[in-house]
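For the sequence shown, the residue numbers in mature numbering (1 follows the signal peptide of the UniProt record, and there is no 0) are -24 to -1, 1 to 436.
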Amino acid sequence: MVRHIRRALASGLVLLASLGSCDDNTIVRDVAIIGGGASGTFAAVKLRDAGKSIVLIEKEVILGGHTNTYQDPVTNQTVDYGVEVYHNQQFVKDFFDRLNVSWTIADPNFITSVTPQFLDPKTAKPVNYTPPDPTAGLQAYAQQLSQYPDVELGFFLPDPVPEDLLLPFGQFIEKYPDVANATFTICSYGQGLGDELKQPTLYVFKNFGTDIIRDIATGFLVTTGQGNYEIYDHATKLLGHDVLLDSTVVNTTQRDNKGVELTVQTPTGYQKVKAKKLLITIPPKLDNLRPLSLNHRESDIFGKFIHTGYYTSLVNNTGLPPNYTAYTASPDTQQNIPKLPGIYVVTGTAIDGVFDIKYGSPSPVPDEDVKREILSYVRKLQANGIAEKLPDDPQFVAYNSHAPFELTVPADQIENGFYDDLYSLQGYRSTWYTGAAFHTQDSSMLWNFTSNYVLPDLLA
């Protein structure tokens, strides 16, 4: 269950995969999938169920992407410190049912059941901030969203792109002050967007859409078993020898309208993969895609992406009281949105003494710097008397980098048709794409996008 104990399973699945290969050590499939996060795992299950042969290539030793589940070795209690909730939609329920993962609808008040404290992101001292009631602001925000229903489904933008979608979000709420009281709520849900007030409003709309507003009122869908990794544990077992874990594509010898041929480095050596079609679900940054022999057209499009940094962690020996929650709020920013890089939130977990701490940055930060900043913040909490100083220093029990996280382009690129160019790559050189860069950082919405706008071509 813990993310870092799966290497033996990875090697076993690679060995099984070789049993389903051709005599020349070549795996031949209808579809090869690169990336076993939410999108890649969903696509693999759906394609297999539809009768297509697949191979799923994942660089980590487990599937799941941004889904982080930690299991306490003493109590066996689990904590989800990555993906936490899902949309209350039938397609999500159907996918969970297919994987035999139990679910329920959470109490709408479960996220706000603890009254939070608001702290300065630099000093960790209390700030004089009381969040306004967001209700009217969310209603005004939803009215703005309603003008662009297709944005909820993908980067399906009007032509020309409306000015409001291109405005930095800080300017958008100045233009529509009725939205302002919802800003802190929107940004709290939109962790990972970097400097959210400077992001084009399009990305805020994508990240915090109509369905999230509905689920805030009626309740998100949550798993009821041993954490959200159960989804991917069950998927791994279901897909069996069609998963290559701890494996990466190192070379592409063919990628054209006749199919693809990849060389994959696995724990047991190099493996050739031949497929009629290729599905890429990893963040399409040039460094990630270099082994795929990009041509000028592809490099020009993917090279425009910039990205943020987002980091999740669990820390013990904090000295904080049980059930403590604190959000950071800058005293001198628009709507008190916290300055980044820095801490988003510190909150207690179901494991006694373990606290969930989220960190974000407008651009990537080395892991050692993020860890140092997180532990420094905990020590400031102790120095300020918010937390008790303990004999043992605070330390990480789990940590994950989610960089590169939110992939975006500047407003002028959006206006000039970037997303038309991006989507025009679907099917080009027998290659299709899904994942957050093609829609949003949201497992549920990615499953919907993949199902409706990607899988039909792969099934054809």
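Where a beta carbon is used, it is the ideal one built from N, C-alpha and C, also for glycine.
Put simply, the stretch 298 to 313 touches the stretch 150 to 162. At least three CB pairs are less than 8 Å apart. With contacts defined as CB atoms closer than 8 Å, V7 and L255 qualify as a contacting pair.
For V291, the enclosing beta strand (DSSP E) begins and ends at G285 to N292. With respect to the C-alpha of A412, the residue from P153, F381 and P317 having the closest C-alpha is F381. When secondary structure is reduced to three states using DSSP, V137 falls in the coil class, being assigned neither helix nor strand. Per DSSP, the continuous alpha helix (DSSP H) segment holding F67 begins and ends at Q66 to R74.
The Cβ atoms of V198 and V77 lie no closer than 8 Å to each other. Burial is judged here by how many other beta carbons sit within 10 angstroms of a residue's own beta carbon; R266 has fewer than 16 and is exposed. V127 carries a helical assignment under DSSP once its states are collapsed to helix, strand and coil. Rounded to the nearest angstrom, the Cβ distance from Y353 to I319 is 5 Å, consistent with a contact under 8 Å.
When Cβ pairs closer than 8 Å are counted between the two stretches, the stretch 92 to 110 is seen not to touch the stretch 133 to 152, the count staying below three. Looking at V321, P338 and L434, the one whose alpha-carbon comes closest to that of P97 is V321.
Take the alpha-carbon of P138 and the one of Q358: they are about 48 Å apart.
Counting only runs of 4 or more residues that sit fully inside the stretch 311 to 397, the alpha helix (DSSP H) segments are 343 to 359 and 387 to 391, in chain order.
The C-beta distance from S400 to N233 rounds to 15 Å, too long to meet the 8 Å contact threshold. Bridge partners of N299 according to DSSP: none are assigned. A straight-line Cα-Cα distance of about 43 Å links N293 and L121. V240 is positioned such that its CB atom lies closer than 8 Å to that of Q247.
Per DSSP, Q120 is one residue of the alpha helix (DSSP H) stretching across T111 to L121. Following the DSSP letters along the chain, one finds Q230 inside the beta strand (DSSP E) bounded by residues T224 to D232. Around the beta carbon of S337, 16 or more other beta carbons lie within 10 angstroms, which makes this residue buried.
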